[in-house]
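Undergrad: With the working numbering, letter number 276 in the sequence shown gets 1360, and the count goes up by one each step, no holes.
Structure incoming, see below.
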Amino acid sequence: MNPSGVTNSPQPTKPGRSARRQRIAFVSSGLGSAWGGIGVASEMMVEALQPDHDVRLWVNDARLPRSLRHALVVSKAWVTGPPEFVFYGHVFLTALHRVTPRLRNVPYGVFLHGIEVWEPLREGHRRALEGATVLVTNSQHTLDRARLANPWMPEAHVAWLGVPVGSARQEAGSQPPVAVIVGRIVSAERGKGHDEVLTAWPAVRAAVPAARLLVVGEGDDRRRLERRIEAEKIGGVEFRGYVSDRERDVIYQQSRALLFPSRQEGFGLVLAEAAAHGLPSLAVRGSVFEETFPEGHGVVFLQSTAPDELAPAIIRLLSDNAFASSAGNAAYDRTQAWFTKQRFMSRFREALRPLVP
């Protein structure tokens, strides 16, 4: 596959109408931003299928005991009759196919998001992926890293994700020196860059005294970061916690740059969301963003997250108005060209077209 995504992420084409609405079950842990990037992607996949098909949403609520979750899905299959095709929003849901007798002969697909397939998978998950009729993934980066841990990984269709694009282009250079970092703050995922940004932040404040850092997101590691800020007397940092989509968009509109020095993103929907508002971003080499936002498309790439490399890059974004605006405009244009919600839905439908006409 072409790492740029051009080969595997074709330009949208108008889907043809099926003569008969196919019965499709979409299995998800939940839809929407409350369920993170996977929930947002799942919501778009359901929306892509609904116009032409009879889509039944089967929610596997992780808050319930596993046996009860499975029983609820099994009961739906019995009451409504088996679907003609099943799509699983992520690999860990595929166990339902094995435990639901009425699904065993039904073709199915699975979406690969990132870190969930970057470790050696259990035998049951391997069988599920090898038995799938179609696999779809959000980037070539996700697939390549999955194969490092699981060399047996079958071929997958690359369908870059997308975001709603309705806001007007903003001039990042006209915004105050506010940087934002967005994402879950959990102890199991400390690779998103929060600690590295905080380490560099005193140097940023020394050069740009008015600089502010907004930390958007929630999780079990937030209190540790707050204690660190208190202990080290790091100024200009505000935790916003979980915010609604609307509140997040307002934050983007009032910020200068997104800081996203993470290597654990399969796609990094946050960066596309920020770019849709005209924000430039900071990222690291070796991440998916070299595929989705290559050099010259609004992302400042660093070789490492060492403070002596991170701080100067942040300082330039917050103090060089022309540079921030130019990079933000390039990011906006890249998003308009490749990462709109409609383009993702078209790519997703195209990946399923041989099975779901």
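Note that the Cβ used here is the ideal one computed from N, Cα and C, for glycine as well.
Taking the continuous beta strand (DSSP E) assigned at L1353, which residues delimit it?
TA: Residue numbering aside, residue 1353 sits at position 269 when the sequence shown is read from its first letter. Careful: L1353 lies outside any beta strand (DSSP E), inside the alpha helix (DSSP H) at L1353 to A1359.
Undergrad: DSSP three-state call for L1297: helix, strand or coil?
TA: Counted from its first residue, the sequence shown places residue 1297 at position 213. L1297 falls in the strand class under three-state DSSP.
Undergrad: If you run the structure through DSSP and keep just helix, strand and coil, what is I1269?
TA: Taking the first residue of the sequence shown as position 1, residue 1269 is located at position 185. Correct three-state label for I1269: coil.
Undergrad: Any idea which residues DSSP pairs A1408 with across the strands?
TA: In the sequence shown, the residue the question calls residue 1408 occupies position 324. DSSP, once it has assigned bridges, lists no residue as partnering A1408.
Undergrad: Output the distance between the C-alpha atoms of F1176 and E1200, rounded to the nearest integer angstrom.
TA: Position 92 of the sequence shown, counting from 1, holds the residue named residue 1176. Position 116 of the sequence shown, counting from 1, holds the residue named residue 1200. Computed Cα separation, rounded: 8 Å.
Undergrad: Would you mind giving the Cβ-Cβ distance between A1415 and A1359, rounded to the nearest angstrom? I have them listed as a contact below 8 Å.
TA: For this step, residue 1415 is matched to residue 331 along the sequence shown. For this step, residue 1359 is matched to residue 275 along the sequence shown. Confirmed, about 4 Å.
Undergrad: With burial defined as no fewer than 16 other Cβ atoms inside 10 Å of the residue's Cβ, what is the status of W1236: buried or exposed?
TA: Here the question's residue 1236 lines up with position 152 in the sequence shown. Burial call: exposed.
Undergrad: Check A1395 in the structure and name its three-state DSSP category.
TA: Within the sequence shown, residue 1395 is the residue found at index 311, counting from 1. A1395 falls in the helix class under three-state DSSP.
Undergrad: Taking only three categories from DSSP, how would you classify L1386?
TA: To locate residue 1386, count along the sequence shown from 1; it is residue 302. Reduced to three states, the DSSP call for L1386 is strand.
Undergrad: Could you check what DSSP says for F1423 in three-state terms: helix, strand or coil?
TA: Against the sequence shown, residue 1423 aligns to sequence position 339. The answer is coil: DSSP assigns F1423 none of H, G, I, E or B.
Undergrad: Residues in the same chain with beta-carbon distance under 6 Å from A1233, minus the five sequence neighbours each way, listed in chain order, please.
TA: For this step, residue 1233 is matched to residue 149 along the sequence shown. If we look at A1233 and ignore the five residues flanking it on each side, its Cβ neighbours are W1202, E1203 and P1204.
Undergrad: Can you list, in chain order, the residues of its chain whose CB lies under 6 Å from that of S1271, leaving out five sequence neighbours each side?
TA: Along the sequence shown, one-based indexing puts residue 1271 at 187. Result list for S1271: D1304 and D1305, in chain order.
Undergrad: Leaving out the 5 sequence neighbours to the left and right, which residues in its chain are closer than 6 Å to I1313 when beta-carbon positions are compared?
TA: Numbered from its first residue, the sequence shown carries residue 1313 at position 229. Here the set comprises V1321.
Undergrad: Assess, as a yes-or-no matter, whether the region 1239 to 1249 is touched by the region 1388 to 1401 under the definition of 3 or more beta carbon pairs within less than 8 Å.
TA: Segments in contact, no.
Undergrad: Near I1269, what residues of its chain come up, given a Cβ to Cβ distance below 7 Å and the 5 sequence neighbours on each side ignored?
TA: Locating residue 1269 in the sequence shown gives position 185, counting from the first residue. The residues are H1278, G1301, E1302, G1303, D1305, R1306 and L1309.
Undergrad: Name the two residues that bound the continuous alpha helix (DSSP H) containing A1290.
TA: Indexing the sequence shown from 1 puts residue 1290 at position 206. Note, A1290: alpha helix (DSSP H), H1278 to A1291.
Undergrad: Taking 8 Å as the cut-off, decide whether the C-beta atoms of V1170 and A1109 are in contact.
TA: Walking along the sequence shown from the start, residue 1170 turns up at place 86. Walking along the sequence shown from the start, residue 1109 turns up at place 25. Contact flag set, yes.
Undergrad: Excluding the five sequence neighbours on either side, which residues of its own chain have a C-beta within less than 7 Å of the C-beta of A1230, listed in chain order?
TA: Locating residue 1230 in the sequence shown gives position 146, where the first residue counts as 1. Closer than 7 Å at Cβ, skipping near neighbours: L1196, V1201, W1202 and M1237.
Undergrad: Along the alpha helix (DSSP H) that carries I1446, what are the first and last residues, could you check?
TA: An answer regarding residue 1446 cannot be provided, because it is not within the stretch 1085 to 1441 covered by the chain.
Undergrad: How many angstroms separate the CA atom of R1347 from the CA atom of V1334?
TA: Counted from its first residue, the sequence shown places residue 1347 at position 263. Counted from its first residue, the sequence shown places residue 1334 at position 250. Answer to the nearest angstrom: the Cα atoms are 26 Å apart.
Undergrad: Hey, could you find the ends of the alpha helix (DSSP H) E1214 is sitting in?
TA: Here residue 1214 is taken as the residue at index 130 of the sequence shown, counted from 1. Segment E1207 to G1215, the alpha helix (DSSP H) holding E1214.
Undergrad: Answer with buried or exposed for R1101, where buried requires no fewer than 16 other C-beta atoms within 10 angstroms of its C-beta.
TA: For the purposes of this step, residue 1101 is taken as residue 17 along the sequence shown, with counting starting at 1. Residue confidence for R1101 is low, a pLDDT of 47 falling below 50, so the modelled location carries little weight; the figure read from the coordinates is stated next. Looking at its Cβ environment, which holds fewer than 16 other Cβ atoms inside 10 Å, R1101 is exposed.
Undergrad: Taking DSSP's pairing of strands, which residues face G1193 in a bridge?
TA: Your numbering for residue 1193 matches position 109 in the sequence shown. According to DSSP, which records beta bridges pairwise, G1193 is partnered with F1171 and V1218.
Undergrad: Is E1375 near Q1134, with beta carbons less than 8 Å apart?
TA: For the purposes of this step, residue 1375 is identified with residue 291 of the sequence shown, where counting begins at 1. For the purposes of this step, residue 1134 is identified with residue 50 of the sequence shown, where counting begins at 1. Against a cut-off of 8 Å, the Cβ pair of Q1134 and E1375 comes out as no contact.
Undergrad: How would you call E1349, buried or exposed, if buried means at least 16 neighbouring beta carbons within 10 angstroms?
TA: On the sequence shown, residue 1349 is found 265 positions in, with the first residue counted as 1. The residue is buried, with at least 16 neighbouring Cβ atoms inside 10 Å.
Undergrad: Give me the Cα-Cα distance between P1191 and A1408, rounded to the nearest whole angstrom.
TA: Walking along the sequence shown from the start, residue 1191 turns up at place 107. Walking along the sequence shown from the start, residue 1408 turns up at place 324. Rounded to the nearest angstrom, the two C-alpha atoms are 48 Å apart.
Undergrad: Measuring alpha carbon to alpha carbon, tell me which residue in I1122, L1439 and A1256 is nearest S1112.
TA: By one-based count along the sequence shown, residue 1112 stands at place 28. Residue I1122 is the option with its Cα nearest to S1112.
Undergrad: How about V1292 and L1342: are their beta carbons less than 8 Å apart?
TA: Sequence index remark: in the sequence shown, residue 1292 carries index 208 (1-based). Sequence index remark: in the sequence shown, residue 1342 carries index 258 (1-based). No, the Cβ-Cβ distance between V1292 and L1342 is not below 8 Å.
Undergrad: Assuming L1402 and A1252 form a contact by the criterion Cβ under 8 Å, report the distance between their Cβ atoms to the nearest whole angstrom.
TA: Mapped onto the sequence shown, residue 1402 falls at position 318. Mapped onto the sequence shown, residue 1252 falls at position 168. L1402 to A1252, Cβ: 22 Å. No contact.
Undergrad: Below 6 Å CB to CB, which residues in the same chain sit around G1116 once its five sequence neighbours on both sides are set aside?
TA: For the purposes of this step, residue 1116 is taken as the residue at position 32 of the sequence shown. So the list reads G1123 and E1127, once near-sequence residues are dropped.
Undergrad: With H, G and I counted as helix, E and B as strand and the rest as coil, what does DSSP make of G1275?
TA: For the purposes of this step, residue 1275 is identified with residue 191 of the sequence shown, where counting begins at 1. Coil at G1275, not helix or strand.
Undergrad: Taking only runs of the alpha helix (DSSP H) that begin and end inside the region 1109 to 1141, which ones reach a length of at least 4 residues, in chain order?
TA: Fully enclosed alpha helix (DSSP H) runs of 4 or longer: 1120 to 1133.
Undergrad: Which of the three DSSP states, helix, strand or coil, is assigned to V1201?
TA: Along the sequence shown, read from residue 1 onward, the residue named residue 1201 stands at position 117. Helix.
Undergrad: Our contact map puts V1262 next to R1340 with C-beta atoms below 8 Å; I'd like the distance itself, whole angstroms only.
TA: Residue numbering aside, residue 1262 sits at position 178 when the sequence shown is read from its first letter. Residue numbering aside, residue 1340 sits at position 256 when the sequence shown is read from its first letter. Rounded, the Cβ-Cβ distance is 5 Å, consistent with contact.
Undergrad: Could you give the distance in angstroms between the alpha-carbon of A1356 and the alpha-carbon of A1212?
TA: Residue mapping note: residue 1356 aligns to position 272 of the sequence shown, counting from 1. Residue mapping note: residue 1212 aligns to position 128 of the sequence shown, counting from 1. Going from the Cα of A1356 to the Cα of A1212 covers about 31 Å.
Undergrad: Let me know if Q1254 comes out buried or exposed under the rule of 16 or more other beta-carbons within 10 Å of its beta-carbon.
TA: Position 170 of the sequence shown holds residue 1254. Result: buried.
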